[in-house]
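Below: the structure, in C-alpha cells.
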Amino acid sequence: MARTSSAVAGFVAGVVVAASTTAIAVTGATTTGTDLNSKATPTWLTVKVADAMGTRDTITWVPTGSFAGSAEERVPRYPMTAVQGKDTRELKLSAVRNEQVSAQLAIASGHNLDDVEAVVGDLTGPGGAKISGDDTQVRFVKYVPVQRSKSEVDWSATIDQVSSGKEVSGDRNPDVVGDALEERDSVDVPAYAAQPLWFTFHIPKEARPGTYTGTVKVSADGRTQAGYPLTIEVADASVPDPKDYGFFLDVWAQPETIAKNHGVSLWSDQHWKLIEKYDRDLASRGQKVINTTIVDNPWHHQWSLGTRESQTATPYTSMVGWTWNGRTFSFDFGRWDKYVQTARRAGLGPDIGAFSMLAFQDQEHLTYTDTSTGRTVYENVDLGGKRWREAWGAFLPAFEKHLKAKGWLDNTWLSFDERPIDTMRVVKDFVHEVAPVFDNRISVAGSISTEGVASNLSVDWGGIDAMTKEKAAERRKAGKITTFYVYGSPAHPNTLSYSPAVESRMLPWISAQRNLDGFLRWSYNSWTSDPFKQPVHIFTQGDEYLVYPGKDGPMSSIRWEQLKEGIEDYELIAQLRKKDGGADSDALTEALTTATRNLDGRTKDVGDIETARAAVVKGLTS
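Residue numbers 4 to 625, in my numbering, belong to the letters of the sequence shown in order.
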C-alpha cells in the first residue's frame with residue numbers, strides 16, 4: 004500500500020541519504036530520556052507563547068472559538084499566534100442519539116501546573132431526563148515527536164506540505180504534534196505549554212430529544228481554574244450501532260506488533276487477549292473486514308539496495324501453516340481459525356480478507372516447512388509457472404473445503420494490494436480454473452484498472468475521479484463494493500500524524516459525496532518499537548498507524564476519533580437519502596459540497612462540517 008523507488012538508497016543516523024548522496028536533515032532524531040510531555044518549554048519559546056497567551060496567568064480556551072468545532076483542529080504545544088477562544092464562556096454541542104461527539108478545551112499558564120483535570124457533571128434534559136457525566140470520557144492530548152521519513156525523499160507527502168503552525172510546533176529538538184489521546188486521571192503541564200483536554204460525549208441510545216444542560220470544570224493545582232455551562236441539543240434522530248453501519252470500513256490490523264509492543268510472547272494467551280481488545284476497538288468503528296494472512300509476510304518488499312524486507316517494522320507471519328513432504332503441500336488452518344473466531348467474538352466482520360496469493364512489489368515466492376528436514380524454505384517461483392500453479396492449485400481447493408466446513412465461504416475474499424491488471428488477470432484466470440467459487444470474491448486495493456476483476460475494489464486517491472458516481476452505482480447494483488483509500492499521499496486530505504484534524508472527519512463525507520461505500524486505510528497499528536519516541540519506520544509519520552499502544556490495549560488518536568465521527572455523519576446522510584427515496588435533495592447536495600469544498604485542512608473553515616451536518620439533521624427531523 005506504499006510506494007518506494009530506487010531513488011531512496013538509505014536512511015541512517017537521523018539523515019536521509021539519497022542515491023545522489025545528498026543529505027537531508029531530519030526534524031527530530033530518536034527521542035530518549037524525559038517524556039516530551041514533561042519537557043520544560045525552551046526559554047526562547049516562552050516569550051512567543053506568552054505573547055500568544057496575552058498573559059502570564061493561567062488561561063483556558065476553546066480551540067476554534069466554538070466548542071462544536073473544537074475537535075477539528077489540533078492545538079499546538081507552543082502557540083505562536085494569538086490564542087482564540089479565551090472569551091468563549093458557554094459550551095454548546097448538537098448531537099443525535101447513540102453517537103459520540105468530541106470537543107476540546109485547552110489550558111496553559113506562565114507557571115507549571117500540577118494535576119490538571121476536568122469534570123463533566125450530569126446533564127439534565129426534558130422532563131428530568133439525564134445524560135450521566137459518566138457517559139463522557141475525558142482524555143489528555145499527548146504530544147509526540149515529529150520526524151521526517153524515507154518516503155518523503157521520493158514520493159510521499161512531506162511535513163511542510165501537510166502541516167502548518169496549527170499542528171506542528173517546537174524548537175526542532177524535536178518539533179511535536181498533539182495526536183495520541185491518553186487515558187489518565189490528571190496531567191502535569193510545564194509553564195508556557197498548551198495542554199488540550201479531549202472530551203468525548205456518548206449520547207445514550209434511549210436519550211429523549213431536547214436540550215440538556217450541565218457544567219464542565221477544569222482544575223489545576225488543587226483548585227478550579229475555569230467553569231463552563233454546557234448545553235447539548237439532542238435531535239430526534241439516531242445512528243445505528245457500529246455493527247449495523249452501512250459504511251464499509253476496511254483498516255488493516257497487524258497482530259504481531261501487538262505482541263512486540265506490549266512485551267508478550269507471540270500467540271500466547273496474553274497476546275490473544277490483547278488482540279481481542281484491539282479488535283473491539285476496530286469494531287467500535289464498524290470495521291467490516293477481518294484481515295488475515297495466508298502466506299508469510301504478504302508485504303515482503305524488494306528494496307533498492309537489493310535486500311528483501313518487510314515494509315512494516317514488525318513483519319507479518321502466516322496464520323496458515325504450509326508444509327511440503329516432497330510430493331504434496333498441506334495446510335494447517337488452526338491459527339487462522341482462531342484469529343477469525345477471536346475477531347468475530349469482538350464484533351468484527353462478517354467479511355474476511357485473505358492476504359495474499361501475490362507478493363507485494365517482490366518476486367513471487369513460497370514459504371513452507373520441508374517435512375524431511377524440518378527447515379523453513381523460501382522458494383522463488385514464477386507467476387503462473389509450474390511450481391506456482393502446483394502450490395496455489397493445492398491451496399485454493401483446500402481453502403475452499405475448509406471455509407465450507409466453517410460456514411465462512413460466502414464471507415471470504417482473496418485479497419490483493421496494488422497489483423497491476425496484467426498480474427491480476429493471471430490470478431483471475433487461475434482462480435476460475437481451480438476454484439471458481441472465488442470468481443466473485445476478489446478484493447483489490449489499487450488502480451481503477453483492476454475494476455473488472457475486483458468485486459471489492461478500493462481505488463487509490465490518484466484514480467478516484469475515474470470512479471464516477473454512475474460507475475459506483477452500477478457496481479453497487481451488481482452487488483459489488485467500492486471504496487477509496489489514502490496512504491502517504493496525497494498531502495490533503497489524509498490521516499497522517501500531523502494532518503489537520505478536520506481531514507479525518509471529512510473522509511467519510513468525501514465517500515458520501517462521491518457515492519462510494521466506504522474507506523480503506525492500509526495500516527491500523529504497524530508501529531515502530533516505540534512510536535512515542537521513534538514515530539517513523541519508513542513512511543510519512545502516521546501512515547503506518549491510526550492508534551498507539553496503550554498500557555493494556557489501544558490508545559486512541561485525534562485522527563481515529565474524527566474518522567469515527569465522520570462515519571456517523573455518513574450514516575445520517577444514508578438515512579436522509581433513504582428518506583428522500585434514494586435521491587439527493589438540493590439541501591443535501593449543498594451540504595455535501597460544503598463539507599468537501601476545501602480538502603486542505605490548513606485553510607479549511609472547520610465550521611463547514613458543522614454547517615453541513617446541521618443541514619443533514621434538519622432534513623431528517625423536518
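Glycine included, every Cβ here is placed at the ideal spot set by N, Cα and C.
Between residue i and chain B, is there a C-beta pair that is closer than 8 angstroms?
i, result
"Val254", "Absent from the structure is chain B; it holds one protein chain and no more."
Of all the options the options, which has the alpha carbon lying nearest to the alpha carbon of residue i?
i, options, result
"Lys341", "Lys409, Gly136 and Val78", "Lys409"
"Pro538", "Gly128, Asn176, Asp284 and Val149", "Val149"
"Glu312", "Leu269, Met322, Ser268 and Asp365", "Asp365"
"Ser559", "Ile62, Pro534 and Asn328", "Pro534"
"Asp184", "Arg580, Ala106 and Gly324", "The amino acid at residue 184 is misidentified as Asp; the sequence shows Leu. When only C-alpha atoms are compared, the closest one is Ala106."
"Thr317", "Asp583, Val429 and Asn300", "Asn300"
"Gly455", "Arg428, Glu436, His435 and Ala469", "Arg428"
"Thr58", "His495, Gly72 and Ala85", "Ala85"
"Ser514", "Lys208, Ala229 and Ile484", "Ile484"
"Val99", "Asp608, Arg347, Leu575 and Ala401", "Leu575"
"Gln305", "Ser222, Ala362, Ser112 and Ala357", "Ala362"
"Ser154", "Leu285, Gly491 and Val221", "Gly491"
"Lys246", "Val50, Phe336 and Arg283", "Arg283"
"Ile206", "Asp420, Pro243 and Asn601", "Pro243"
"Leu108", "Asn459, Ser73, His274 and Gly124", "Ser73"
What's the gap between the Cα of residue i and the Cα of residue j?
i, j, result
"Trp563", "Pro193", "27 angstroms"
"Val237", "Pro439", "51 angstroms"
"Thr471", "Thr486", "12 angstroms"
"Ser152", "Thr543", "5 angstroms"
"Lys431", "Ala457", "9 angstroms"
"Leu386", "Gln198", "54 angstroms"
"Thr598", "Ala615", "Residue identity differs from the one stated: residue 598 is Ala in this sequence, not Thr. Their backbone Cα atoms lie some 6 angstroms apart in a straight line."
"Glu568", "Arg338", "34 angstroms"
"Gly449", "Asp138", "40 angstroms"
"Gly36", "Lys407", "Note on Gly36: pLDDT 49, under 50, position unreliable in the model; no value is reported."
"Ala1", "Thr624", "Nothing can be reported for residue 1: it is not among the residues displayed for the chain, which extend from 4 to 625."
"Ala1", "Gly249", "Here the chain has residues from 4 to 625 only, and residue 1 is not among them."
"Pro129", "Lys95", "17 angstroms"
"Arg479", "Ser507", "25 angstroms"
"Arg80", "Gln140", "22 angstroms"
On the criterion of 16 or more Cβ atoms from any shown chain inside 10 Å, does residue i qualify as buried, or is it exposed?
i, result
"Ala43", "exposed"
"Val489", "buried"
"Gly622", "buried"
"Glu477", "exposed"
"Thr46", "exposed"
"Asp178", "buried"
"Tyr381", "exposed"
"His435", "exposed"
"Asp224", "exposed"
"Asp60", "exposed"
"Ala26", "Interpretation of Ala26 is limited by its pLDDT of 28, a score under 50 that renders its predicted location unreliable; no figure is taken from the coordinates."
"Val29", "At Val29 the pLDDT is 36, less than 50, meaning the model places this residue with poor confidence; the figure from the coordinates comes in the next sentence. Classification for Val29: buried."
"Ala475", "buried"
"His303", "buried"
"Met83", "exposed"
"Glu473", "exposed"
"Leu566", "buried"
"Ser41", "exposed"
"Asp191", "exposed"
"Asp442", "exposed"
"Gln516", "buried"
"Val1", "For the chain, the structure presents residues 4 to 625; residue 1 sits outside this window and is missing."
"Asn383", "exposed"
"Ala71", "buried"
My understanding is that residue i touches residue j, with C-beta atoms under 8 angstroms, so please give their C-beta distance in whole angstroms.
i, j, result
"Ser530", "Pro557", "The identity of residue 530 in the sequence shown is Trp, whereas the question assumes Ser. At roughly 11 angstroms, the Cβ-Cβ gap does not stay under 8 angstroms, so Trp530 and Pro557 are not in contact."
"Trp411", "Met360", "Not confirmed; about 18 angstroms, so no contact."
"Thr498", "Gly545", "7 angstroms"
"Thr67", "Glu76", "5 angstroms"
"Ile278", "Ile261", "6 angstroms"
"Pro511", "Ile570", "5 angstroms"
"Asn101", "Ser241", "5 angstroms"
"Val52", "Tyr195", "4 angstroms"
"Ala121", "Val221", "5 angstroms"
"Val343", "Pro400", "Between Pro400 and Val343 the Cβ distance is about 19 angstroms, and since that is not below 8 angstroms, they are no contact."
If you measure from the CB of residue i, is any heavy atom of the ligand SAM nearer than 7 angstroms?
i, result
"Ser112", "With respect to the ligand SAM, the structure offers nothing, as it holds no ligand at all."
At least three beta-carbon pairs within less than 8 angstroms, the stretch 344 to 363 to the stretch 286 to 303: A contact is defined here as three or more CB-CB pairs under 8 angstroms, and the stretch 344 to 363 meets this definition with respect to the stretch 286 to 303.
The stretch 235 to 255 contacting the stretch 197 to 216, beta-carbon criterion three pairs below 8 angstroms: Contact holds: three or more Cβ-Cβ distances are below 8 angstroms.
Cβ pair count under 8 angstroms reaching 3, the stretch 131 to 140 against the stretch 85 to 96: Touching, no.
Given 8 angstroms, three or more beta-carbon pairs between the stretch 165 to 172 and the stretch 575 to 591: The stretch 165 to 172, when compared against the stretch 575 to 591, does not touch it at the 8 angstroms Cβ threshold.
The stretch 583 to 595 touching the stretch 603 to 613, judged by at least three CB pairs closer than 8 angstroms: Not touching, per the Cβ criterion.
At least 3 beta-carbon pairs within less than 8 angstroms: the stretch 522 to 529 vs the stretch 252 to 260: Look at the beta carbons and you see the stretch 522 to 529 touching the stretch 252 to 260: at least three pairs across the two are nearer than 8 angstroms.
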